[in-house]
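Asks: Chains as they are written, first to last, in my numbering: chain G, 999 to 1269; chain L, 2 to 250.
Below: one structure in structure tokens.
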Ligand SMILES: Nc1ncnc2c1ncn2[C@@H]1O[C@H](COP(=O)(O)OP(=O)(O)O)[C@@H](O)[C@H]1O
Ligand SMILES: [Mg+2]
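Below, the structure is given as structure tokens:
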């Protein structure tokens, strides 16, 4: 009996500790969020730092976004064509591919690339500043480190991602057209014919909204894990890793809920 | 004598742990004061109180005539501009050059134009014994000693009233240690001597005896001795004697 009781106690102890530490994590993440919001609306406004970050993000991810989007567009067209051909509905390849790219692939893939390239870099950069007391140096000068380092990064990712999303969308569609029309020989007129029926501005809007929300979250998570770093180089490594892992997890989970929300708001599908 | 920093019966607890117990000290204006103590004694925590980065659980704290624990966040940020701080590893912004590092507080907090800032930066560079060759180098291109000098120049940029040093020589080689100690004395004694108050945290007893006007000893959260250097050398307090004898042989 006693043994069972001990096992139970141990079980609840471990579960309890885990839940508590997760709750604590959520609490400090919420604090980070509110702090970023608070400092966003307090002068001085750091426009130059914001623009610097925008360049930084563009520089780091533009080429990779372009490259991956080209091949994503190509492969998704290939697969869809094979599927549709069996059913004899290959004229639907165009719209299906465009919808998939615009609504899902472009925002999600761009966000994942930005997480790996920039969210990680933010955590590493801020974390290094933390362990080398550069953050303390800012605070001692009377400068808020969240305002100086956090705010420009979060808003820059939020603005950059929709732009990268557009690049992804454009290049992926070029890839799709190339495979569909040039390689697989769908007649161009048929490839485009059904597009008009299914694709409208709201489709584009859905992707852009998603990209904006993902951008904000990626910036928030990257900077959060930077400020949270403790200890030396090892702490920086852990923070960088956590920024990437959590960034991706949150993007993919959020994508579902965002989709179900936007579908209701933007379209009349009756779901 | 006027105090720059006045702590009365300060108690600081972190959760269950009491780090500072009923700590009182009056740090005189315009002098060099060193706070000695073993690691973990609470020295850095005490220094953070001066800046308002940590608030006392109990007790009163007056720094430069300001009642620090009652200041709002905005007031604290203004208040901190009256301080300069030299960090253990200088804490230079590693993406900025020497010039940009020293100019940083000037750009943030003064209306000086580009030329005036450059002039002031050169002036500060000379004051800490560096020449203009290092002006456009990044921290990674400077030696440890040079970084400390740049850190001090940055700390002096806004003409602080109190200069704080947290273990300025820990982890440095003997030659750089001597250089930093000389720098502390020249800065503390020549930069508007009557105005600048220097507070050093250290466990380097040799240097402390050489450069300080006053020495305090922090042990288990309390100041157990605070006196002018000459008196401090002859203290009979057993804990301090042990510390002195341990580190002077
Ligand atoms: N923010 C904090 N939360 C909890 N404990 C702390 C905090 N800051 C310092 N301490 C504890 O206070 C004690 C004194 O630390 P510190 O002031 O850094 O000592 P010193 O600088 O004299 O080596 C240490 O035991 C440290 O773990
Ligand atoms: Mg310390």
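C-beta: ideal position from N, C-alpha, C; glycine also.
Bear in mind the structure is a predicted one, so any value in this text is a computation, not a measurement.
Taking the alpha-carbon positions, what's the residue 1005 (chain G) to residue 1013 (chain G) distance?
Replies: As a working note, residue 1005 (chain G) is residue 7 in the first chain. As a working note, residue 1013 (chain G) is residue 15 in the first chain. So the alpha carbons of these two residues sit roughly 12 Å apart.
Asks: Taking the alpha-carbon positions, what's the residue 207 (chain L) to residue 213 (chain L) distance?
Replies: On the second chain, position 206 is the one that residue 207 (chain L) refers to. On the second chain, position 212 is the one that residue 213 (chain L) refers to. Looking at the two C-alpha atoms, the distance is approximately 10 Å.
Asks: For chain A, is any of its Cβ atoms less than 8 Å away from the one on residue 1219 (chain G)?
Replies: This model lacks chain A altogether, as its protein chains are G and L.
Asks: Do residue 21 (chain L) and residue 38 (chain L) have their beta-carbon atoms positioned less than 8 Å apart in this structure?
Replies: As a working mapping, residue 38 (chain L) is identified with position 37 in the second chain. As a working mapping, residue 21 (chain L) is identified with position 20 in the second chain. Against a cut-off of 8 Å, the Cβ pair of residue 21 (chain L) and residue 38 (chain L) comes out as no contact.
Asks: Any C-beta of chain G within less than 7 Å: which residues of the stretch 156 to 187 of chain L qualify?
Replies: The residues in question: there are none.
Asks: Please list the terminal residues of the continuous alpha helix (DSSP H) segment that includes residue 121 (chain L).
Replies: Along the second chain, read from residue 1 onward, the residue named residue 121 (chain L) stands at position 120. The continuous alpha helix (DSSP H) containing residue 121 (chain L) extends over residues 115 to 128.
Asks: In the DSSP assignment, find the alpha helix (DSSP H) that holds residue 183 (chain L) and state where it starts and stops.
Replies: Counting from one through the second chain, the residue named residue 183 (chain L) turns up at place 182. Looking at the DSSP string, the run of the alpha helix (DSSP H) that includes residue 183 (chain L) is 175 to 191.
Asks: Which residues mark the beginning and the end of the alpha helix (DSSP H) in which residue 1274 (chain G) is found?
Replies: It is not possible to answer for residue 1274 (chain G), since the shown part of chain G is limited to 999 through 1269.
Asks: Check whether the stretch 1069 to 1080 of chain G and the stretch 1225 to 1240 of chain G touch, using three or more Cβ-Cβ pairs below 8 Å as the test.
Replies: No: fewer than three Cβ pairs fall under 8 Å.
Asks: Could you give the distance in angstroms between the alpha-carbon of residue 1125 (chain G) and the alpha-carbon of residue 1044 (chain G)?
Replies: Numbered from 1 along the first chain, position 127 holds the residue referred to as residue 1125 (chain G). Numbered from 1 along the first chain, position 46 holds the residue referred to as residue 1044 (chain G). Approximately 21 Å between the Cα atoms of the pair.
Asks: Does the beta-carbon distance from residue 1249 (chain G) to residue 1110 (chain G) come in below 8 Å?
Replies: Numbered from its first residue, the first chain carries residue 1249 (chain G) at position 251. Numbered from its first residue, the first chain carries residue 1110 (chain G) at position 112. Closer than 8 Å, so yes.
Asks: For the alpha helix (DSSP H) containing residue 198 (chain L), name the first residue and the last one.
Replies: Taking the second chain and counting its residues from 1, the one referred to as residue 198 (chain L) is at position 197. It is not in any alpha helix (DSSP H) - residue 198 (chain L) instead sits in the beta strand (DSSP E) that spans 198 to 203.
Asks: Less than 7 Å between the CB of residue 127 (chain L) and some heavy atom of ligand 1, yes or no?
Replies: One-based indexing of the second chain puts residue 127 (chain L) at position 126. The answer is no for residue 127 (chain L).
Asks: If contact means a Cβ-Cβ distance below 8 Å, which residues of the stretch 44 to 58 of chain L contact chain G?
Replies: 52 and 54
Asks: Under 8 Å Cβ-Cβ, which residues of chain L neighbour residue 1141 (chain G)?
Replies: Walking along the first chain from the start, residue 1141 (chain G) turns up at place 143. Under the 8 Å cutoff, chain L gives 78 and 109.
Asks: May I have all residues whose beta carbon comes closer than 5 Å to any heavy atom of ligand 1, sorted in chain order?
Replies: L:15, L:20, L:40, L:41, L:42, L:43, L:44, L:45 and L:46
Asks: Report yes or no: is there a C-beta of chain L within less than 8 Å of the C-beta of residue 1132 (chain G)?
Replies: Locating residue 1132 (chain G) in the first chain gives position 134, counting from the first residue. Closer than 8 Å to some Cβ of chain L, the Cβ of residue 1132 (chain G) qualifies, so yes.
Asks: Is it a yes or a no for the stretch 1062 to 1070 of chain G touching the stretch 1162 to 1174 of chain G, going by three-plus beta-carbon pairs under 8 Å?
Replies: yes
Asks: Considering only residues of the same chain and omitting the five flanking positions on each side of residue 1090 (chain G), which have a CB-CB separation below 7 Å?
Replies: Counted from its first residue, the first chain places residue 1090 (chain G) at position 92. So the qualifying residues of the chain are 1082 and 1192.
Asks: With three or more C-beta pairs closer than 8 Å as the rule, is the stretch 53 to 66 of chain L touching the stretch 232 to 247 of chain L?
Replies: No, they do not touch.
Asks: I need the DSSP call for residue 1088 (chain G), collapsed to helix, strand or coil.
Replies: Locating residue 1088 (chain G) in the first chain gives position 90, where the first residue counts as 1. Helix at residue 1088 (chain G).
Asks: Checking contacts by CB at 8 Å: is residue 1022 (chain G) closer than that to chain L?
Replies: For the purposes of this step, residue 1022 (chain G) is taken as the residue at position 24 of the first chain. For residue 1022 (chain G), the answer is no, since every Cβ of chain L falls outside 8 Å of its Cβ.
Asks: Cβ of residue 168 (chain L) versus every heavy atom of ligand 2: is any distance shorter than 7 Å?
Replies: For the purposes of this step, residue 168 (chain L) is taken as the residue at position 167 of the second chain. Yes, Cβ of residue 168 (chain L) sits closer than 7 Å to a heavy atom of ligand 2.
Asks: Taking the alpha carbon of residue 1046 (chain G) as the point to measure from, which residue in G:1118, G:1156, G:1241 and G:1150 has its own alpha carbon closest?
Replies: By 1-based counting over the first chain, the position of residue 1046 (chain G) is 48. It is G:1150.
Asks: Would you say residue 106 (chain L) faces chain G, with C-beta separation under 8 Å as the test?
Replies: Sequence index remark: in the second chain, residue 106 (chain L) carries index 105 (1-based). Interface residue, yes.
Asks: Is any heavy atom of ligand 2 found at a distance shorter than 7 Å from the C-beta of residue 202 (chain L)?
Replies: Reading the second chain from its first residue, position 201 is the one you call residue 202 (chain L). Yes, ligand 2 has a heavy atom inside 7 Å of this Cβ.
Asks: For the candidate residues L:25, L:77, L:8 and L:40, whose alpha-carbon lies nearest to that of residue 168 (chain L)?
Replies: Counted from its first residue, the second chain places residue 168 (chain L) at position 167. Ranking the options by Cα distance to residue 168 (chain L), first place goes to L:40.
Asks: Where does residue 1123 (chain G) fall in DSSP's three states?
Replies: Numbered from 1 along the first chain, position 125 holds the residue referred to as residue 1123 (chain G). Helix, per DSSP.
Asks: Alpha carbon to alpha carbon, how far is residue 32 (chain L) from residue 210 (chain L)? Give it in angstroms, no decimals.
Replies: Along the second chain, one-based indexing puts residue 210 (chain L) at 209. Along the second chain, one-based indexing puts residue 32 (chain L) at 31. Roughly 14 Å separates the two Cα atoms.
Asks: Tell me whether residue 1 (chain L) sits in a helix, a strand or coil according to DSSP, three-state version.
Replies: Look at the range of chain L in this structure, 2 to 250, and you will see that residue 1 (chain L) is not part of it.
Asks: Output needed for residue 4 (chain L): all residues of its chain with C-beta closer than 7 Å, excluding positions within five of it in sequence on either side, in chain order.
Replies: On the second chain, residue 4 (chain L) is found 3 positions in, with the first residue counted as 1. Sequence-distant partners of residue 4 (chain L) (beyond 5 residues in either direction) whose C-beta falls short of 7 Å from its own C-beta, in its chain, are 27, 28, 29 and 30.
Asks: Please report whether the beta-carbon of residue 15 (chain L) lies at a distance below 8 Å from any beta-carbon of chain G.
Replies: Against the second chain, residue 15 (chain L) aligns to sequence position 14. With 8 Å as the cut-off, residue 15 (chain L) does not count as an interface residue toward chain G.
Asks: Given a cut-off of 8 Å, decide if residue 1213 (chain G) and residue 1158 (chain G) are closer than it, judged by their beta-carbon atoms.
Replies: Here the question's residue 1158 (chain G) lines up with position 160 in the first chain. Here the question's residue 1213 (chain G) lines up with position 215 in the first chain. Yes.
Asks: Who pairs with residue 1110 (chain G) in a beta bridge, going by DSSP?
Replies: Counting from one through the first chain, the residue named residue 1110 (chain G) turns up at place 112. Beta-bridge pairing links residue 1110 (chain G) to no other residue.
Asks: Return the CA-CA distance between residue 136 (chain L) and residue 1211 (chain G), expressed in angstroms with no decimal places.
Replies: Here residue 136 (chain L) is taken as the residue at index 135 of the second chain, counted from 1. Here residue 1211 (chain G) is taken as the residue at index 213 of the first chain, counted from 1. If you draw a straight line from the Cα of residue 136 (chain L) to the Cα of residue 1211 (chain G), it is about 42 Å long.
Asks: Where residue 1216 (chain G) and residue 1245 (chain G) are concerned, what is the direct C-alpha to C-alpha distance, given to the nearest angstrom?
Replies: The residue given as residue 1216 (chain G) occupies position 218 in the first chain. The residue given as residue 1245 (chain G) occupies position 247 in the first chain. Between residue 1216 (chain G) and residue 1245 (chain G), the C-alpha separation is close to 6 Å.
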